[in-house]
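There are 4 protein chains.
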Amino acid sequence: MSAERVQRGAVRLFADRGYAATGIRELGKAAGLNSATLYHYAGGKEDLLVRIMRSCLEELLRAATAAVDGSDDPRVQLARLIRAHVGLSALNPLTARVTDQEIRALTGANRQALLGLRDDYESIVGRVIERGVRTGQFDVADVRLAGLALLGMCNEVANWYRPDGRLTVGDVQDRFVEFAARVVGTAPATRAELGPDQEPVRLACEPVDPAVETRQVT
Amino acid sequence: MSAERVQRGAVRLFADRGYAATGIRELGKAAGLNSATLYHYAGGKEDLLVRIMRSCLEELLRAATAAVDGSDDPRVQLARLIRAHVGLSALNPLTARVTDQEIRALTGANRQALLGLRDDYESIVGRVIERGVRTGQFDVADVRLAGLALLGMCNEVANWYRPDGRLTVGDVQDRFVEFAARVVGTAPATRAELGPDQEPVRLACEPVDPAVETRQVT
Amino acid sequence: MSAERVQRGAVRLFADRGYAATGIRELGKAAGLNSATLYHYAGGKEDLLVRIMRSCLEELLRAATAAVDGSDDPRVQLARLIRAHVGLSALNPLTARVTDQEIRALTGANRQALLGLRDDYESIVGRVIERGVRTGQFDVADVRLAGLALLGMCNEVANWYRPDGRLTVGDVQDRFVEFAARVVGTAPATRAELGPDQEPVRLACEPVDPAVETRQVT
Amino acid sequence: MSAERVQRGAVRLFADRGYAATGIRELGKAAGLNSATLYHYAGGKEDLLVRIMRSCLEELLRAATAAVDGSDDPRVQLARLIRAHVGLSALNPLTARVTDQEIRALTGANRQALLGLRDDYESIVGRVIERGVRTGQFDVADVRLAGLALLGMCNEVANWYRPDGRLTVGDVQDRFVEFAARVVGTAPATRAELGPDQEPVRLACEPVDPAVETRQVT
DNA sequence: GATGAATGAGGATTCATTCAT
DNA sequence: GATGAATGAATCCTCATTCAT
């Protein structure tokens, strides 16, 4: 399908140069299309970006909801959230990077809608920490700050993870679950507690060979 | 001095819209200058960005070096590093954000030079963790990952800290020192161990009233 | 028949926005067709315009010829000409407007052909005035100017007449016959002199509900 | 002054091809400027058109007001109005044509504003006819229609008058004053009644050598 | 008879930059 | 030190048109 080829080319370029610095002709060339034809599939540059970001945020939100719904134990919920976030970011680093950095490029209703999705996700994380603190399982002085620290940690995974690097997605998930547990002052949930692993989803818009310059994990 | 007014206006706009999306006439207007006059002070758009980023990275590097030089104890070094990084980011959130996000906008030698500065800083952090692990004070399974987690946490401070928010710079520094200590599996250095506080530097290019849309800490 | 639906949609759009400002996709949408299908019926944008204008000018010419042929009395001929022109314009205001204003949009042979038709019509009017002056029935200082004044008066009917307004087509015809007679310094021909009324023709390309913004007669 | 050269070139092209069919690059070339430089002077294509049309309508309105203010006699007022309208159209045929035909090209507030000016002018004409009818000097069955006929006659002057043709501006004014008087059923005001002649204004935006294809008076 | 896909050319506008004043 | 004028190149996007299906 051609619409996906367009998106994949766009994600690579947006991740590399940034949305504003990427021209429509470049986007066309990356998809093997005339720049005019691109409008047939994508309907404008911002629409293209919106669709990419929306697919990423909606999947993140879906995965986060599933993570929280599967258990009542904040320790387990937190571990699953981290696994979901890290997994999605590591499996789709370019899409995740674009989604994280280019919200400012959106205008009007598009911006509001996607900011809303992002806020929805972040408040899921916040509520899990709150509950952990209430149950006494977590030990955090400032719930809001702890959430921001965790989100920061996870968000940046997309900036350095490389599929062809030293670490598998599972490795990074495991380590980050531990980091997160430590940040909130609890023991990481065990594999047994987590239940069957939720495979992170590979997004249709994520380029297959992310040969993009980035900080590589070695 | 007018060159500083130019930089401050530029930082605000770059942080808000991004470098590529900011026009040189906007930069001029923000500084109260004709766009042609701007070339007198800043000598082109990329030069302007380079100077901003260089001042930020050099200060970060200076502060990190000072942090490490003042002690041999990895716990103390880590705490001081975190305080420096968080302090600089929180006191200069717009500049820090631009510095973190716009390296990709640079070309040729400028890019290489600033990537070099960033790597220099990151390797200081890496070495401190390594030493902590070697001395047995830190408990980390993967040194590289721990460094990335800490850097991620700290880098994103610039994305949400607000001077007029609920928390002082010192508050955030204190909490993040604790988070960092937990991530590497150690106890945070006490105030006494840290010695006299190194005041974070307010950069000349940081706008005074950062009334810029961002995720606010509440 | 679909070709007529295409023409009707085109006339409305051309009359509203102008030929050059109307896109071929708009034309398609107005006819409920894909823009490619439109080529099947109309064979290109200019062809579409030519056919519209030609049908209007040919009808005008036909009606003018019939008006002149029916009598030898310049007073009667003039009255019939005016009735024909005003009737056609009022019954087909959108088509008439397009025909009057968009000759400049035509190229090459198309332009020459339609300019020819228009000139043919105008010289019929001119000859009637000339004859009236020669017979002493008309009192005009400058034949050419009188013709231009009459044509101007009648041409603009298409710019303000509204079928759903206060006046019927017949009303306007009657008044304009009187105006024209006065301009050339004669008494208007009576109904009896005119003979059986020639009903103005409703063109196939004229949209049925001319809900187009125009100066309304109130 | 360069801004006038821009306007003059624009008027010629707009009158010739129409606003929508005229490209910005053509406008630039006609003024001997790069298309980008044109924005320096004119600030966009629509702005350029608006300024042209406004100058024409404002002058028309000014002249009409002066015509009416100078006398209480509807016959005199009418004659002066016609002289003003015809004079302005004949002295500035290209500008007048553009002003008359391109209102539809305007958008939003621009359109409203200029439609307002046009309506103001037309209602001046309407009121003069009304008064003439009330005083019994004019003999018209339908005031509104008489006004439309007069306006139509005068408006089209811009479509055929040529400065280098057979007739002077004064000739056309004289004849049209007579036509108008006849249309409303009165005797034309004499030169003595009219008082000192109001010279029609040559607009700054009217091209000096109107070598533009048009119906020539011969 | 109808259409989605495709394209080169061109639409208006803004770009970063230079330079004479 | 400061600026208005100027420009070629680039911006995003729409144009009219063709053609395989």
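Protein chains in written order, with my numbering: chain G, 1 to 218; chain Z, 1001 to 1218; chain E, 2001 to 2218; chain R, 3001 to 3218.
Glycine included, C-beta positions come from ideal geometry on N, C-alpha and C.
1) How about the stretch 3198 to 3209 of chain R and the stretch 2161 to 2175 of chain E: do they share at least three Cβ pairs that are nearer than 8 Å?
2) Taking Cβ-Cβ distances below 8 Å as the criterion, which residues of the stretch 3134 to 3149 of chain R are in contact with chain E?
3) From G/Glu-59 to G/Arg-118, what distance separates their C-alpha atoms?
4) Is it the case that the Cβ atoms of E/Pro-2188 and E/Gly-2132 are separated by a distance below 7 Å?
5) Spell out whether any CB of chain E is found under 7 Å from the CB atom of R/Ala-3109.
6) Go through the stretch 2172 to 2205 of chain E residue by residue and report every complete run of the beta strand (DSSP E) that reaches 3 residues or more, in order.
7) Would you say Z/Ala-1021 faces chain G, with C-beta separation under 7 Å as the test?
8) Could you pull the start and end residues of the alpha helix (DSSP H) that R/Ser-3055 belongs to?
9) Closer than 9 Å between beta carbons: that is the criterion. Which residues of the stretch 2182 to 2213 of chain E meet it against chain R?
10) What is the DSSP secondary structure of G/Leu-167, counted as helix, strand or coil?
11) Identify, in the order they occur along the chain, each residue of the same chain with its Cβ nearer than 7 Å to the Cβ of G/Ala-96, setting aside the five sequence neighbours on each side.
12) Within its chain, find whatever has a CB closer than 8 Å to the CB of E/Asp-2069; leave out the 5 residues flanking it on each side and keep chain order.
13) Name, please, each residue of chain Z whose Cβ falls closer than 8 Å to the Cβ of G/Thr-172.
14) Taking the alpha-carbon of Z/Tyr-1041 as reference, which of Z/Arg-1012, Z/Arg-1008, Z/Gly-1018 and Z/Ala-1067 has the nearest alpha-carbon?
15) Tell me, to the nearest whole angstrom, how far the beta carbon of Z/Glu-1004 is from that of Z/Cys-1205; I am working on the premise that it is less than 8 Å.
16) At least one CB of chain R closer than 7 Å to the CB of E/Phe-2014: is that the case?
17) Round the Cβ separation of G/Ala-180 and G/Leu-150 to the nearest angstrom and send it over; I've been treating them as touching at under 8 Å.
18) Ignoring anything shorter than 4 residues or poking outside the stretch 2090 to 2147 of chain E, list the alpha helix (DSSP H) runs there in chain order.
19) So, E/Asn-2092 versus E/Val-2050, is the Cβ gap smaller than 7 Å?
20) Return the first residue and the last residue of the alpha helix (DSSP H) that Z/Arg-1005 is part of.
21) Can you name the start and end residues of the alpha helix (DSSP H) that R/Asn-3034 belongs to?
22) When burial is assigned at 16 or more other CB atoms within 10 Å of the CB, is R/Thr-3022 buried or exposed?
23) I need the DSSP call for Z/Tyr-1039, collapsed to helix, strand or coil.
24) Going along the stretch 1091 to 1106 of chain Z in order, which residues come within less than 8 Å of chain G, judged by CB to CB distance?
25) Quick check: what's the CA-CA separation for G/Ser-71 versus Z/Val-1128?
26) For R/Arg-3175, go through chain E and note every residue whose CB falls closer than 7 Å to its CB, in chain order.
27) Flag this pair as yes or no: are the beta carbons of E/Val-2098 and E/Ala-2020 separated by less than 7 Å?
28) In three-state DSSP terms, what is E/Pro-1993?
29) Can you check which of these residues, E/Ile-2103, E/Thr-2037 and E/Val-2006, is closest to E/Ala-2030 by C-alpha distance?
30) Under a CB-based cut-off of 7 Å, is R/Gly-3152 close to chain E?
31) Can you tell me which of the three DSSP states G/Glu-156 falls into?
32) For E/Val-2140 and E/Glu-2178, I'd like the C-alpha separation in whole angstroms.
33) Grab me the residues of R/Val-3011's own chain with a C-beta within less than 7 Å of its C-beta, minus the 5 sequence neighbours each way, in chain order.
34) Could you tell me which chain G residues have their CB closer than 9 Å to the CB of Z/Glu-1156, listed as they occur along the chain?
35) Does the distance from the CB of Z/Gly-1152 to the CB of Z/Val-1125 come in under 7 Å?
36) For G/Leu-236, which residues in the same chain have their Cβ closer than 8 Å to its Cβ, ignoring the five residues on either side in sequence?
Per the coordinate set shown:
1) Output reads no: the stretch 2161 to 2175 of chain E does not touch the stretch 3198 to 3209 of chain R.
2) Here the close residues are Ala-3141, Asp-3142, Arg-3144, Leu-3145, Ala-3146, Leu-3148 and Ala-3149.
3) If I take the Cα positions, the gap works out to 11 Å.
4) Result no, Cβ atoms of E/Pro-2188 and E/Gly-2132 do not sit closer than 7 Å.
5) Not an interface residue.
6) Correct list: empty.
7) Using beta-carbon distances, Z/Ala-1021 counts as an interface residue toward chain G, with a partner under 7 Å.
8) Annotation: the continuous alpha helix (DSSP H) that includes R/Ser-3055 extends over 3045 to 3069.
9) Contact residues of the stretch 2182 to 2213 of chain E toward chain R are Arg-2182, Val-2183, Val-2184, Gly-2185 and Glu-2213 (C-beta to C-beta distance below 9 Å).
10) Coil, per DSSP.
11) Once the five neighbours on either side are set aside, the close Cβ partners of G/Ala-96 are Cys-56, Leu-88, Ser-89 and Ala-158.
12) Within the same chain, E/Asp-2069 has no close Cβ partners at all.
13) Per the sequence shown, the amino acid found at residue 172 of chain G is Val instead of Thr. What G/Val-172 touches in chain Z: Leu-1145.
14) Considering only alpha carbons, the answer is Z/Arg-1008.
15) With 8 Å as the limit, Z/Glu-1004 and Z/Cys-1205 qualify as a contact, their Cβ atoms being about 7 Å apart.
16) No, its Cβ sits nowhere closer than 7 Å to a Cβ of chain R.
17) With 8 Å as the limit, G/Ala-180 and G/Leu-150 qualify as a contact, their Cβ atoms being about 5 Å apart.
18) Within the stretch 2090 to 2147 of chain E, the complete alpha helix (DSSP H) runs of at least 4 residues are 2093 to 2101 and 2108 to 2134.
19) The criterion of a C-beta distance shorter than 7 Å is not satisfied by E/Asn-2092 and E/Val-2050.
20) Segment 1002 to 1017, the alpha helix (DSSP H) holding Z/Arg-1005.
21) Neither: R/Asn-3034 is in no alpha helix (DSSP H) and is coded neither H nor E.
22) With 16 or more other Cβ atoms from the protein chains shown falling within 10 Å of its own Cβ, R/Thr-3022 counts as buried.
23) Helix, per DSSP.
24) Residues of the stretch 1091 to 1106 of chain Z with a C-beta atom less than 8 Å from some C-beta of chain G are Gln-1101, Arg-1104 and Ala-1105, listed in chain order.
25) It is roughly 38 Å from the alpha-carbon of G/Ser-71 to the alpha-carbon of Z/Val-1128.
26) One finds Ala-2141, Asp-2142 and Leu-2145 in chain E with Cβ atoms closer than 7 Å to the Cβ of R/Arg-3175, taken in chain order.
27) In this structure, E/Val-2098 sits away from E/Ala-2020, with a CB-CB distance that is not shorter than 7 Å.
28) With chain E covering 2001 to 2218 only, the question about residue 1993 of chain E has no answer from this structure.
29) Here the closest residue by C-alpha is E/Val-2006.
30) Closer than 7 Å: yes.
31) Shown here, G/Glu-156 sits in coil according to DSSP, grouped into three states, outside any helix or strand.
32) Between the alpha carbons of E/Val-2140 and E/Glu-2178 lies a distance of about 16 Å.
33) Ile-3052, Leu-3094, Thr-3095, Val-3098, Cys-3205, Glu-3206 and Pro-3207, listed in sequence order.
34) Within chain G, the residues near Z/Glu-1156 are Leu-148, Ala-149, Leu-151, Gly-152, Met-153, Asn-155 and Glu-156.
35) No, the pair does not count as a contact, with Cβ atoms beyond the cut-off.
36) Since the first residue of chain G shown is 1 and the last is 218, residue 236 of chain G is not available in this structure.
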